[in-house]
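Have a look at the structure below, then the notes.
Numbering (the numbering used here), first residue to last: 33 to 311.
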């Protein structure tokens, strides 16, 4: 039993330095909660595996391809999936300031395992992420860890595919602030992989690249429907330079409007430059 002197000493400690004392209690409690959530995430995933293998019978109302993933379980589940990815993760993100992926432990774990070569990661970011300092810092830090990155004018939605067996996505398509769902159905995952791979191929590299293919890059940007301001920001040049180069390409390919130039570029229907045809 605790003696009267011990209790008095404990009260004295609490009163003399209450902030540090209470912060210590809070931090220990949070660590215990995180550990417990990680254990529950592993249990939940094991249940998903058993269900997929017909090892457990589900209640009739739960027999859907989408498993709700509560907010309190989203971060530990993502952590579990990151730790158990061995080949390739595909990430499509719309924002970097919301969601379970921004939790500091997940953020660091993801980068550490990438840097160690435990798996590869391909990520589609929204193009406007490079307009802010936090966005550039995020992208560059993952690039340093080895992430393969692309920029999209409009990413399809917010989701992450781990190898070819697990998918976590927002429950409301295109709404990064909505809750999460877990998907283990192979057909649905295959469809998401196809969607991601096509979007990744069409998206732009984060770094513009070498200058020798400036015209081809400009034509691709026009074909994607980007405005001159967005093109200038991506290429790192002035708006006047973009408009001058577009006018030069229109004259070179014999089209009357930038719409015709962009449409031809997107469909592969550009003729050889006028100067080449005249030779």
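Built from N, CA and C at the ideal position, the CB exists for glycine as well. The structure presented is a predicted model; accordingly, all values stated were derived computationally and were not measured.
Asked	Found
Can you grab the Cα-Cα spacing for the pair residue 238 / residue 99, in whole Å?	34 Å
Ignore the nearest five residues each way along the sequence and tell me which others in residue 316's own chain have a CB closer than 6 Å to its CB.	Lying outside 33 to 311, the shown extent of the chain, residue 316 is not represented and no answer is given.
Is residue 221 close to chain D, meaning its C-beta is less than 9 Å from at least one C-beta of that chain?	Included in the structure is just one protein chain, with no chain D present.
Find the nearest neighbour of residue 118 within the set 194, 186 and 129, judged by alpha-carbon distance.	194
If you pair each beta-carbon of the segment 141–161 with each one of the segment 211–223, do three or more pairs fall below 8 Å?	no
Answer with buried or exposed for residue 125, where buried requires no fewer than 16 other C-beta atoms within 10 angstroms of its C-beta.	buried
Could you tell me the boundaries of the beta strand (DSSP E) in which residue 191 lies?	191–194
Helix, strand or coil for residue 198, going by three-state DSSP, please let me know.	strand
Do residue 252 and residue 297 have their C-beta atoms within less than 9 Å of each other?	yes
Could you give the residue range of the alpha helix (DSSP H) that holds residue 218?	218–234
Would you call the segment 169–182 in contact with the segment 55–66, where contact means no fewer than 3 C-beta pairs closer than 8 Å?	no
Go ahead and pull the three-state DSSP assignment for residue 171.	helix
Using three-state DSSP, classify residue 214 as helix, strand or coil.	strand
For residue 227, which residues from the same chain have a beta carbon less than 8 Å from its beta carbon, with the 5 sequence-adjacent residues on both sides left out?	188
Assign residue 291 to buried or exposed, taking buried as 16 or more other Cβ atoms, counted over all protein chains shown, within 10 Å of its Cβ.	exposed
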